[in-house]
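Quick notes on the structure that follows.
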Amino acid sequence: MSNETITLADIFALFKESERQREAEQAEQKRLSQERQQEYEQRQQENEQRQRENEQRQREYE
1 MSNETITLAD IFALFKESER QREAEQAEQK RLSQERQQEY EQRQQENEQR QRENEQRQRE
61 YE
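Just so you know, the UniProt record's numbering puts 18 at position 18 of the sequence shown, and the rest follows in order with no gaps.
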């Protein structure tokens, strides 16, 4: 049988590592969310530009 003991320092180190991992995951999720938002806004702008072009062509044909 092992005589290893878990100290408060061990528990604290595990807690801090867990906290660092959680913060890293949150930062990655935030980055991905911002990236998706930028992609969405870019698509919106492209769609609006196409709509304006289509409206202009429609007026030219009238």
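Using N, Cα and C, we set each Cβ at its ideal position, and we do this for glycine too.
Exercise. Starting from E62, trace the alpha helix (DSSP H) both ways and give me its first and last residue.
Key: Run containing E62: none; DSSP gives neither H nor E here.
Practice problem: Reducing DSSP to helix, strand and coil, say where E28 ends up. | Solution: Helix at E28.
Quiz item: Taking just the CA atoms, how far does Q44 sit from R57?
Solution: Taking the Cα positions, R57 is about 20 Å away from Q44.
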